[in-house]
Each structure stands twice: as C-alpha cells, then as structure tokens.
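Per our numbering, the sequence shown runs over residues 3 to 240.
For reference, the structure is listed below as structure tokens.
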Amino acid sequence: MTHKIIDSSCTCSGDLAEMKGGFESSTEIDVIMHRYKLVTHKRQKYICKSCSKMVTAPGAPKLKSGCEFSLQMATQVATDKFQHHIPLNRQCQQLAKYGVQVEAKTLFRLTSFLHDRLAPLVKLIKGDVLSRPQISIDEAPMRILATDQQGYVWVVANNYGAFYQYEVTRSGAVAREMLKGFKGVVMCDGYSGYHRLQDNDGLIYAQCWAHCRRKFFDAMAKHPESKRAVELIDLLFE
C-alpha cells in the first residue's frame with residue numbers, strides 16, 4: 003500500500019516533488035474479515051449445426067450434486083471444527099453475523115459430504131503407508147460427546163504419512179483389520195491387544211524401546227542397578 007501527501011505544498015510555500023523510488027517502508031500484520039457471497043454458475047449450452055445435438059459446458063467441481071454450498075465452504079467448516087475445535091453451533095452464530103442463516107445439522111451434512119469426497123484420497127494414503135517396510139500403530143481414547151461412553155482413535159503411521167480410524171472398541175481385532183495385507187515390521191507398545199498381530203502372516207512384531215525404558219527408569223528409585231539398562235537403551239537412541 004502506497005501513501006501519498008494530498009496537499010503537495012511545503013512549509014516554505016514551495017511545491018513538493020515525488021522522489022523517484024524514494025519510500026520509507028514499514029510492515030504490519032493486517033486481517034481480512036470473512037466474506038461470503040452467492041455465486042451464480044451459468045453453464046453455456048451449445049448445439050451442433052450438423053446433427054442438432056445439444057451439449058452443455060461442464061461446471062466447477064461440486065461438493066455434492068444439488069448442494070447449495072461450495073467445496074471451499076465445506077472445507078472451512080471442517081477445518082474450524084476439527085482443527086480449531088469451533089463447535090458447529092458456534093460457527094452458525096458466526097455465519098449469522100455475516101448474513102448467512104444456516105443450522106448446525108446443515109453444517110454437519112457438509113462435513114459428511116466432504117468425507118465422501120475425500121474417501122478415495124484416504125484410501126490412497128492408507129495404501130501408501132502400508133506399502134512401506136516399517137510402520138507404527140497406536141490408539142488413543144476419545145469420549146463420545148454427551149455420553150459416558152468412550153471410543154478410540156487408531157493410527158497407523160511412519161515417516162511417509164499417517165492413517166486414522168475411529169472405532170468404538172479397543173479390541174486387538176481392529177489392529178489386525180487395519181494391517182490386513184501388510185508385510186514388514188510393526189512397532190507398538192506393550193498393550194496386550196497387539197499380541198494378536200503375531201498371527202498375521204509376513205508381519206514382524208516389534209515392541210517399543212521407549213516404553214521398555216520407562217519401566218527401567220521408574221525402577222531406579224528402588225533398584226539403582228536399573229540405571230545400566232537405561233544407559234544401554236539411550237545408546238540405542240543415539
């Protein structure tokens with residue numbers, strides 16, 4: 003942004019002339035507020051001069067056929083909810099301030115439609131992660147909102163990517179299903195559910211030295227000789 007003097011007279015009553023390329027610059031971080039707009043898509047129609055066949059130009063990619071919200075809108079809703087933890091009802095309140103009246107259940111449907119659009123990509127990510135020779139697997143509890151029940155988010159990951167899967171159970175059967183067809187080394191903690199992985203053909207079952215080290219570290223308070231095991235594991239890390 004360039005700022006200029008409106009009154010170009012000097013204090014000495016002379017005229018001010020612009021110095022070519024002469025600026026005093028400074029920077030600041032600014033904000034551009036959300037702006038929502040109703041976009042009309044007009045798909046041109048054509049007719050063949052020879053056979054009278056009618057053809058319509060393709061439109062922009064849509065979130066879902068007949069949906070009145072764009073892909074970008076659904077992406078914003080999903081990002082605000084799952085990355086920034088802004089509840090859908092609060093997003094409705096924010097949208098209302100900008101003149102967009104929408105219900106939370108509608109925003110939920112947008113995230114569901116977006117999930118359907120991304121499903122093929124998720125499948126490719128999982129296939130890429132499982133095509134590598136080494137992976138890690140873990141699970142973390144997640145309480146189901148407004149209930150006393152608890153589900154689990156499972157993750158399979160390596161240096162190339164990560165694949166997440168939500169399940170209502172912590173059963174080791176989930177790990178076996180997620181790793182079906184995998185050939186290579188699987189790193190995990192000592193949770194007994196992972197013992198089932200030893201039955202998967204072509205799978206090398208490996209446990210985590212960090213979890214092993216934790217036991218020796220805790221034991222040092224009463225068994226000082228455990229320090230030697232910690233030192234040896236530290237050498238492995240180095």
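Backbone N, C-alpha and C fix where the C-beta goes; we use that ideal spot for every residue, glycine too.
CA nearest to the CA of residue i, picked from the options
| i | options | result |
| --- | --- | --- |
| residue 69 | 56, 220, 114, 49 | 114 |
| residue 154 | 172, 12, 55, 160 | 172 |
| residue 27 | 3, 78, 85 | 3 |
Cβ neighbour criterion (16 or more within 10 Å) applied to residue i
| i | result |
| --- | --- |
| residue 148 | exposed |
| residue 25 | exposed |
| residue 184 | buried |
| residue 180 | buried |
| residue 19 | exposed |
| residue 190 | buried |
| residue 170 | exposed |
Cβ-based neighbour list, residue i, same chain, cut-off 7 Å, excluding 5 preceding and 5 following
| i | result |
| --- | --- |
| residue 207 | 188, 199, 200 |
Same chain, Cβ closer than 6 Å to residue i, five either side skipped, listed in chain order
| i | result |
| --- | --- |
| residue 140 | 157 |
| residue 152 | 143, 145 |
| residue 48 | 57 |
| residue 46 | 59 |
Check whether residue i and residue j have beta carbons under 7 Å apart
| i | j | result |
| --- | --- | --- |
| residue 239 | residue 228 | no |
| residue 76 | residue 90 | no |
| residue 112 | residue 84 | no |
| residue 195 | residue 174 | yes |
Paired residues, beta bridge with residue i - DSSP
| i | result |
| --- | --- |
| residue 156 | 141, 167 |
| residue 11 | 17 |
| residue 47 | 58 |
| residue 208 | 189 |
| residue 136 | 187 |
Sequence-distant residues of the same chain with beta carbon closer than 8 Å to residue i, five excluded per side
| i | result |
| --- | --- |
| residue 103 | 97 |
| residue 275 | A query on residue 275 cannot be resolved here, the shown segment of the chain reaching from 3 to 240 and no further. |
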